[in-house]
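Okay, so the sequence shown: first residue is 37 according to the working numbering, each after it adds one. For each residue, glycine too, the CB sits at the ideal point set by N, CA and C. Read through the structure below, which is laid out as structure tokens, and then see the notes.
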Amino acid sequence: MIVMSGKIKFLSVKMWGKVGLVLLVAFIIFLAKLETCTTSLEGCIKMGEIMSNQAEGPNGQQKHEDCMTLLSEMEERHRTESSVLKQQIAELKLELAKYGDGMQPLDEPLRLKSRILGETMDTKRLEEAQALQKTIIQQVAKIDMQKVYKDEYDVNPFSSMSSKYIYTLGESLRHKPALHPRSDQKDDLVEAVFFAVEVLNKRKSNSHKFAVEHFVDGIFRTDFLIGTYYNMVFGHPDNNYYYTVQLARPFAPLQKVKSQVIDSSKITINFIMPLKGRLDKFRTFIKRFKSIAIDGPIEVFLTVVYFGTEGLSELQDILHSLTTQYAFRNFKVVSLNQEFSRGLGLQEGVASWDGSNALLFFCDVDIAFTQKFLEHCRYYTIPGQTVYYPVVFSLYNPEIVYHDQDPKPSEDDQLKITKETGFWRDFGFGMTCQYRTDFLNIGGFDTNIQGWGMEDVELYRRYLQSHLKVIRVPDSGIFHTYHPKDCPTTLAPEQYRMCIGSKALGEASHAMMGRLVFKDTINMTLFNMGKTKLNAHIRKKQENGEEEDG
Numbered sequence: 037m038i039v040m041s042g043k044i045k046f047l048s049v050k051m052w053g054k055v056g057l058v059l060l061v062a063f064i065i066f067l068a069k070l071e072t073c074t075t076s077l078e079g080c081i082k083m084g085e086i087m088s089n090q091a092e093g094p095n096g097q098q099k100h101e102d103c104m105t106l107l108s109e110m111e112e113r114h115r116t117e118s119s120v121l122k123q124q125i126a127e128l129k130l131e132l133a134k135y136g137d138g139m140q141p142l143d144e145p146l147r148l149k150s151r152i153l154g155e156t157m158d159t160k161r162l163e164e165a166q167a168l169q170k171t172i173i174q175q176v177a178k179i180d181m182q183k184v185y186k187d188e189y190d191v192n193p194f195s196s197m198s199s200k201y202i203y204t205l206g207e208s209l210r211h212k213p214a215l216h217p218r219s220d221q222k223d224d225l226v227e228a229v230f231f232a233v234e235v236l237n238k239r240k241s242n243s244h245k246f247a248v249e250h251f252v253d254g255i256f257r258t259d260f261l262i263g264t265y266y267n268m269v270f271g272h273p274d275n276n277y278y279y280t281v282q283l284a285r286p287f288a289p290l291q292k293v294k295s296q297v298i299d300s301s302k303i304t305i306n307f308i309m310p311l312k313g314r315l316d317k318f319r320t321f322i323k324r325f326k327s328i329a330i331d332g333p334i335e336v337f338l339t340v341v342y343f344g345t346e347g348l349s350e351l352q353d354i355l356h357s358l359t360t361q362y363a364f365r366n367f368k369v370v371s372l373n374q375e376f377s378r379g380l381g382l383q384e385g386v387a388s389w390d391g392s393n394a395l396l397f398f399c400d401v402d403i404a405f406t407q408k409f410l411e412h413c414r415y416y417t418i419p420g421q422t423v424y425y426p427v428v429f430s431l432y433n434p435e436i437v438y439h440d441q442d443p444k445p446s447e448d449d450q451l452k453i454t455k456e457t458g459f460w461r462d463f464g465f466g467m468t469c470q471y472r473t474d475f476l477n478i479g480g481f482d483t484n485i486q487g488w489g490m491e492d493v494e495l496y497r498r499y500l501q502s503h504l505k506v507i508r509v510p511d512s513g514i515f516h517t518y519h520p521k522d523c524p525t526t527l528a529p530e531q532y533r534m535c536i537g538s539k540a541l542g543e544a545s546h547a548m549m550g551r552l553v554f555k556d557t558i559n560m561t562l563f564n565m566g567k568t569k570l571n572a573h574i575r576k577k578q579e580n581g582e583e584e585d586g
């Protein structure tokens, strides 16, 4: 056997024959060269004797020179033969090493099978590349095809762009009709403009040199099954022509990125809630907490950070009732006798946790949730990898939404996602799931911020600039229930503006607010319409009565 790189390989009989043949040839060549060297050595000795004898004769000088010449030629021949011998030995060593590296172990059929499998994989990669190329060609062809739409709601409208703004109908965080593009969108559009410039400059029919500053405007649209289509328009100061370039960025087939198993059965969600007063809301929260979290299959722990002393004993009574009625003991109260600060409350709640690396859910008292959300919290949040920032569905004022219903639906029945009942609170970052170690490593909350807002935005921005992935998505399992919002004039200007904006958005939908604004006009118009209809009915009845009389 031969040991190579720490692995033992057994040789077959065929390979032993090859090795023996190589060694035999090497030995024969060695003997032949040895004989040549011996003969040359004997010749040199005899030549030396002849030279000594002949040097004493009358022509000794001439013969001595001839012998020296002959000896020089023999030495040169010997050196040449030695060099050839060394070369052949080196070649034999290489040949032997090659045979050694190529020696097959006893599982040679398996290696042959692996070689065949490798060739099959290469063929499969080639076929996949060809299929991908074919798909791209088909996608490019589809992009410019006219699609038949079912109705006006099925249309996928274009967005337009200038050198500074994007004009789109899509919803956005800032709710502005003209937007500066996001960084990823900006990179996409800039690449498209530069690519279009290259296309124009490669056209032989163009006598003008184009640059980015010649871009006028353009339109683009993304079809989620095909890709993105761009139509870029350029102008040139040397003439009055416009030049259009149509581009496509086709989507490739789906590819697997990662597959993993997440065991959420042993993950406990630690609710952390800062609170001051509002005990009626807290009772409603506990009722929902009991039905979903306590009665459900998910392990939970509740930490309430309470500010002040007023209502503290009542709060403790509510929590202790969970123990007496349902044997639930996974809760604690952290008491802070100072002015309310949401960031400080959450920070103290995190610090009070003395267990292992806990999964934290920062929660407010007016939040309603389903079991589905708790599952999202567990499998979208991975320690050291991801933090979960759900977009909460905020419910409008039920006094406005259900003003014409008596009785009004219960709070649980109001948890519906429609444009009349609420909106996605995409400007809120307070409700979040993250692991304790990630929270501490990122630096936690800025506890210097007082009052309402900003502490959650500041934390969110730090996560965006870290190595952790932020999962930001509308979650249909978490709701912000309505409550009147007070915006104190003592807030900082930016906080006050955010508070007023949140208050205005939280009352009712645009259409509902419009109906409230024009309530008197609407009622008067409806009254007049009804009056006109009633008068017409009376006249018709009177005319029919007169005809009968006649």
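- Annotated three-state conformation of residue 503 is coil, per DSSP.
- Across the set 253, 365, 184 and 328, the C-alpha of 365 shows the shortest separation from the C-alpha of residue 339.
- In the DSSP assignment, residue 310 is bridged to 341.
- Boundaries for residue 490: no alpha helix (DSSP H) harbours it, and the DSSP string shows neither H nor E there.
- Using a 10 angstroms sphere on the CB of residue 383, the tally of other CB atoms reaches 16 or more, which defines it as buried.
- Under the three-state reduction of DSSP, residue 246 is assigned to coil, being neither helix nor strand.
- Around the Cβ of residue 400, a 10 Å sphere holds 16 or more other Cβ atoms; the residue is buried.
- Judged by their CB atoms, residue 258 and residue 269 are not nearer to each other than the 7 Å cut-off.
- Distance from the CA of residue 318 to the CA of residue 553, rounded to the nearest whole angstrom, comes to 34 Å.
- In this structure, residue 342 sits away from residue 386, with a CB-CB distance that is not shorter than 7 Å.
- Contact check for residue 429 against residue 466 fails: the beta carbons are separated by 7 Å or more.
- In terms of CA proximity to residue 287, 174 leads the group 394, 174 and 331.
- In the three-state DSSP reduction, residue 446 falls in the coil class, being neither helix nor strand.
- Fewer than three beta-carbon pairs drawn from the stretch 534-554 and the stretch 440-450 are found closer than 8 Å, and the two stretches are therefore not classed as touching.
- Setting aside the 5 residues that flank it on each side, residue 508 is surrounded in the same chain by 425, each with a C-beta closer than 6 Å to its C-beta; the list follows chain order.
- Under the 8 Å Cβ criterion, the stretch 411-427 does not count as touching the stretch 347-357, having fewer than three qualifying pairs.
- In this structure, DSSP gives residue 298 a state outside helix and strand, which the three-state scheme calls coil.
- For residue 551, the CB contacts under 8 Å within the same chain, skipping 5 residues up- and downstream, are 558 in chain order.
- In this structure the stretch 531-542 does not touch the stretch 467-476; the number of beta carbon pairs closer than 8 Å is below three.
- With fewer than 16 other CB atoms across the displayed protein chains lying within 10 angstroms of its CB, residue 454 is exposed.
- Taken in chain order, the unbroken stretches of alpha helix (DSSP H) that lie wholly in the stretch 508-582 and span 4 residues or more are 529-541 and 546-553.
- Annotation: residue 414 to residue 335 spans about 11 Å, alpha carbon to alpha carbon.
- Between the alpha carbons of residue 358 and residue 262 lies a distance of about 54 Å.
- Note that the stretch 373-380 does not touch the stretch 282-301; fewer than 3 beta-carbon pairs, one per stretch, sit closer than 8 Å.
- As a beta-bridge residue in DSSP terms, residue 368 pairs with 339.
- The straight-line gap separating the alpha-carbon atoms of residue 177 and residue 271 is approximately 27 Å.
- When rounded, the separation of the alpha-carbon atoms in residue 197 and residue 517 is 38 Å.
- One alpha carbon belongs to residue 255, the other to residue 243, and they sit about 26 Å apart.
- Taking every protein chain shown into account, the CB of residue 570 has fewer than 16 other CB atoms within 10 angstroms, so this residue is exposed.
- By the beta-carbon neighbour count (other beta carbons within 10 angstroms, threshold 16), residue 278 is exposed.
- Just so you know, the alpha carbons of residue 264 and residue 450 end up roughly 39 Å apart.
- Within the DSSP secondary-structure output, residue 459 pairs in a beta bridge with 430.
- Secondary structure remark: continuous alpha helix (DSSP H) runs of at least 4 residues inside the stretch 363-416, in chain order: 378-387 and 407-416.
- Just measuring C-alpha positions, the residue of 185, 184, 179 and 214 sitting nearest residue 195 is 214.
- Judged by DSSP secondary structure, residue 290 falls outside any beta strand (DSSP E); it is assigned neither H nor E.
- Taking a contact as a CB-CB distance under 8 Å, the pair residue 308 and residue 397 counts as one, their CB atoms being some 7 Å apart.
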